[in-house]
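Participant: Each residue of the sequence shown is one higher than the last, beginning at 4 in the working numbering.
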Amino acid sequence: MNHSEQQIKPFIEHLRSEYSNNAHKLKDVAQFERDYRPESAVWWYTREPFIYQKLNWALRTLDAPIILKLSFILCDLHRQIETLHQKQVNRNEAKIKLYRGQVLLRVDFEKLQKNKGGLLSFNNFLSTTSDLDVSLAFAKSASVNPDTVGVLFQMSIDTRITTTLFASIREFSEFIDENEILFSMHTVFRIVDVFKVERDHPLYNVNLELTSEDDPSLTKLREHFTKKAEDEPGWTRLARLLLQLDHFDEAEQLCNDLLQQHKASIVTKASLYNIIGLSKAERGELDVALSFYHKILEIFRTTLSKDDSSFGALYLNIGTVYERMGNYAKSIEFYNKSIRIFEKALPEIHPDLSTCYNRIGHWHQTMGDYSKALEFHDKALKLAQKLLPKNHPTLAASYGRIALLY
């Protein structure tokens with residue numbers, strides 16, 4: 004994949020602005036602009052702090068503007084890891100042990116400790132090594148700060164698991180002696196054990212096991228979220244994720260950037276308008292939210308059949324805004340439109356149906372019709388139980404709604 008100047012230019016401009024008073028850094032930036040090629044992504048990632056630090060920080064914090072600027076190298080890095088993985092996979096032993104030394108804030112470590120037996124996802128590119136001593140030395144550096152904990156991650160890797168991409172980058176790395184193995188984004192492990200290594204030193208061992216495609220917890224969660232995002236472009240999915248994490252400014256900015264910078268399809272525009280509308284609604288800007296929903300309505304009327312399930316989702320959002328405005332007549336009108344379409348267009352077991360039943364249940368509860376509210380909340384719960392893992396927070400919320408009606 005060859006990148007045009009237009010793709011790289013926003014990142015270069017960002018770096019030049021940030022390092023305007025640092026002649027040495029500006030020289031490195033100029034070299035990167037001149038020499039970068041897709042096949043050199045791993046080399047640049049290991050060589051330049053302004054790449055690996057910014058990229059991993061942006062992925063951890065979901066800084067959408069920076070991720071957008073770095074999208075070219077993010078894609079190249081993933082593809083190069085994928086290519087190397089395919090070449091190396093048959094050379095590896097069936098099971099290998101890798102290590103990572105990391106310093107964590109004590110509060111973050113305590114959360115990890117409480118999640119023993121659960122899943123741990125690394126959202127960024129994950130650097131590991133086959134050299135225990137390298138990782139151990141780094142983890143022990145935590146002793147200088149009482150608010151931090153040194154963690155030695157010991158990772159058991161079944162190399163036959165084909166859904167996780169990782170590769171030795173020793174031959175491409177600036178630091179050959181570190182025997183670095185780099186994982187692509189969103190690697191998921193199960194936390195097997197957590198224990199203290201030394202009594203008088205804040206150093207802990209965390210044993211991790213790479214999850215496989217058939218891991219029950221991972222499979223059910225993946226199925227749920229895949230259904231919600233299977234047809235959306237990657238950047239639209241990121242904007243939706245930012246919204247789910249309450250990063251409203253970032254979600255709206257990313258949507259506006261995408262609307263301005265790309266020749267988005269009509270379908271993508273509708274998705275972006277929807278995310279902005281949801282964000283505005285969450286912020287209490289209800290009239291603005293409605294204006295975006297009506298933009299979507301105009302698009303749908305010219306592109307979709309009147310019974311398409313997308314109308315159902317839109318009517319549900321409009322009904323929710325009207326309910327929050329106190330316009331209950333308009334609200335139930337749109338809820339009823341939504342449920343009629345959903346029950347006709349969707350499978351019997353679908354998360355959108357569950358959401359709609361909950362909204363109608365809430366409407367009846369507000370109107371004081373508790374038996375009708377219970378009927379719809381019960382429908383929602385039965386669907387959610389079939390869709391979600393037992394420990395999913397949505398189920399707990401459903402139990403709570405029903406309990407309040409007794």
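For glycine and all other residues, C-beta sits at the position ideal for the given N, C-alpha and C.
Which whole-angstrom value is the C-beta distance of Ala-44 and Leu-80, which I expect to be below 8 Å?
Facilitator: Contact holds; Cβ gap of about 4 Å.
Participant: Sort Lys-382, Asn-148 and Val-197 by Cα distance to Val-154 and report the nearest one.
Facilitator: For Val-154, the nearest C-alpha among the options comes from Val-197.
Participant: In angstroms with no decimal places, state the Cα-to-Cα distance between Glu-336 and His-189.
Facilitator: Their backbone Cα atoms lie some 42 Å apart in a straight line.
Participant: Look up Ser-268 in the DSSP assignment and say whether it is helix, strand or coil.
Facilitator: DSSP places Ser-268 in coil when its eight states are reduced to three.
Participant: How is Gly-121 classed by DSSP in three states: helix, strand or coil?
Facilitator: Reduced to three states, the DSSP call for Gly-121 is coil.
Participant: Alpha carbons only, please: which of Asp-66, Asn-95, Ser-176 and Val-32 is nearest the one belonging to His-250?
Facilitator: For His-250, the nearest C-alpha among the options comes from Asp-66.
Participant: So, is Ala-400 buried or exposed, given that buried needs 16 or more other C-beta atoms within 10 angstroms?
Facilitator: Under this definition Ala-400 is an exposed residue.
Participant: Taking the C-alpha atoms as reference points, what is the distance between Ala-232 and Arg-343?
Facilitator: Residue placement at Ala-232 is flagged as unreliable, the pLDDT there being 42, under the threshold of 50; the coordinate-derived value follows with that caveat. Taking the straight line from one Cα to the other gives about 23 Å.
Participant: Is the region 356-368 touching the region 378-385 in the sense that three or more CB pairs, one from each, lie closer than 8 Å?
Facilitator: Yes, the region 378-385 touches the region 356-368.
Participant: Helix or strand or just coil, what does DSSP make of Phe-156?
Facilitator: Here Phe-156 sits in strand by DSSP.
Participant: Quick one: grab the DSSP three-state call for Arg-225.
Facilitator: Below a pLDDT of 50, predicted positions are generally treated as unreliable, and Arg-225, at 45, falls in that range; no measurement from the model is reported.
Participant: How would you label Ala-26, buried or exposed, when you count the other beta carbons within 10 angstroms and need 16 or more for buried?
Facilitator: The residue is exposed, with fewer than 16 neighbouring Cβ atoms inside 10 Å.
Participant: Would you tell me roughly how many angstroms separate the C-alpha atoms of Phe-14 and Ser-20, rounded to the nearest one?
Facilitator: If I take the Cα positions, the gap works out to 10 Å.
Participant: Is Gly-280 helix, strand or coil when you go by DSSP?
Facilitator: DSSP places Gly-280 in helix when its eight states are reduced to three.
Participant: Let me know the secondary structure DSSP gives Glu-346 once reduced to three states.
Facilitator: Glu-346: helix per DSSP, three-state reduction.
Participant: Tell me, please, which residues DSSP counts as bridged to Gly-322.
Facilitator: Paired residues: none, contrary to the question.
Participant: Please list the terminal residues of the continuous alpha helix (DSSP H) segment that includes Thr-369.
Facilitator: Start and end: 354-369.
Participant: Would you be able to state if there are at least three C-beta pairs under 8 Å between the region 59-77 and the region 87-100?
Facilitator: Too few Cβ pairs lie closer than 8 Å, so no.
Participant: Strictly by DSSP, which residues pair up with Glu-212?
Facilitator: DSSP output for Glu-212 lists Ser-159 and Arg-193 as bridge partner(s).
Participant: From which residue to which residue does the alpha helix (DSSP H) around Arg-202 run?
Facilitator: No alpha helix (DSSP H) contains Arg-202, which DSSP labels as neither H nor E.
Participant: Between Thr-271 and Thr-239, is the Cβ-Cβ spacing less than 8 Å?
Facilitator: Cβ atoms of Thr-271 and Thr-239: closer than 8 Å.
Participant: Can you give the Cα-Cα distance for Leu-101 and Ala-170, rounded to whole angstroms?
Facilitator: Taking the straight line joining both Cα atoms gives about 12 Å.
Participant: Please state if the CB of Ala-142 and the CB of Leu-206 are separated by a distance shorter than 8 Å.
Facilitator: Contact flag set, yes.
Participant: Cutting at 7 Å between CB atoms, please list the residues of its own chain near Ser-282, excluding the five before and the five after it.
Facilitator: If we look at Ser-282 and ignore the five residues flanking it on each side, its Cβ neighbours are Leu-246, Phe-251, Ala-254 and Glu-255.
Participant: Could you tell me if Lys-389 is buried or exposed, where buried requires 16 or more neighbouring beta carbons within 10 angstroms of its beta carbon?
Facilitator: Label assigned to Lys-389: exposed.
Participant: Phe-169 by DSSP, collapsed to three states: which one?
Facilitator: Residue state, collapsed to three classes: strand.
Participant: Might you give, ordered along the chain, the residues of its own chain that have their beta carbon closer than 6 Å to the beta carbon of Cys-359, omitting 5 neighbours on each side?
Facilitator: Closer than 6 Å at the Cβ level, and outside the excluded window around Cys-359, lie Leu-319, Ser-341, Ile-342 and Phe-345.
Participant: Here's a check: name, in chain order, each residue in its chain whose Cβ is nearer than 7 Å to the Cβ of Val-32, leaving out the five neighbours to either side.
Facilitator: Ile-15, Leu-18, Arg-19 and Tyr-22, listed in sequence order.
Participant: Give the C-beta separation of Thr-151 and Leu-185 to the nearest angstrom, bearing in mind that I take them to be a contact with Cβ-Cβ under 8 Å.
Facilitator: Actually they are not in contact, since the Cβ atoms of Thr-151 and Leu-185 sit about 24 Å apart, beyond 8 Å.
Participant: Roughly how many angstroms separate the alpha carbons of Ser-124 and Glu-212, rounded to a whole number?
Facilitator: The straight-line gap from Cα to Cα measures roughly 12 Å.
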